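These notes concern the structure reproduced below.
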Amino acid sequence: MREFLLAILVITATHAHAQSTNEAHWLQGTWNRTNGKAGRTAHERWVKTATGLQGWGVTFNGADTTFVEKLRIVSKDSKLYYVADVSHNKEPTYFLITEITPTSFTCENPEHDFPKKIVYQLDGNKLKATISGNGKSIDYLFERK
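According to my numbering, the sequence shown is numbered sequentially starting from 272.
See below:
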């Protein structure tokens, strides 16, 4: 009986974990930034992988690539993380996902210089990503391509 209850517990925990990592499925696709500076374009593209979601953020100034970041949403040590890998950081930065709903998530890393908090919010075919920390906040507005 004990083994049976343990098996049920493991299956339930695994299922709950899978639901949590899949709750950001709405992020999949290509997103074009709508509030960038004149002459610049920016995109985020997200795809589902076996371990979560993988994304790429790219900014162009005319034909020149000015910024690239690799993004992931993964499970590590039974917690969900948003992971940003940019060239000016030696290692990827892990932000703990502190809240996730069917249309938004919030992640935080109080030890990071900037941003300390990232919020993604879906509204139909529009996406708002806000980065904040140290009294500063920047909104990135996107539309699904």
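Note that beta-carbon positions come from the ideal geometry of N, C-alpha and C, so glycine has one too. Keep in mind that this is a model prediction, so the values were computed, not measured.
Given a length threshold of 3 residues, each whole run of the beta strand (DSSP E) inside the segment 337 to 367 is given here in chain order: 350 to 357. For Gln-392, the enclosing beta strand (DSSP E) starts and ends at 388 to 394. Secondary structure of His-383 (DSSP, three-state): coil. Rounded to whole angstroms, Val-357 and Lys-407 show a C-alpha spacing of 20 angstroms.
Ranking Ile-389, Arg-311, Ala-313 by CA distance to the CA of Val-354 puts Ile-389 first. Contact annotation, Val-345 with Gly-323: C-beta distance approximately 4 angstroms; criterion of less than 8 angstroms satisfied.
When secondary structure is reduced to three states using DSSP, Asn-332 falls in the strand class. Contact between Glu-315 and Phe-413 holds, since their C-beta atoms are separated by about 7 angstroms, short of 8 angstroms. In the DSSP annotation of this structure, Thr-374 is not part of any beta strand (DSSP E), being labelled neither H nor E. Comparing alpha carbon positions, the residue from Leu-351, Arg-415, Gly-404, Asp-394 closest to Glu-370 is Leu-351. Burial state of Ile-409 is exposed, judged by a 10 Å Cβ sphere holding fewer than 16 other Cβ atoms. Cβ-Cβ distances below 8 angstroms link Trp-302 to His-314, Glu-315, Arg-316, Trp-317, Leu-398, Phe-413, Glu-414, Arg-415, Lys-416 in the same chain, with the five nearest sequence neighbours on each side left out; the list follows chain order.
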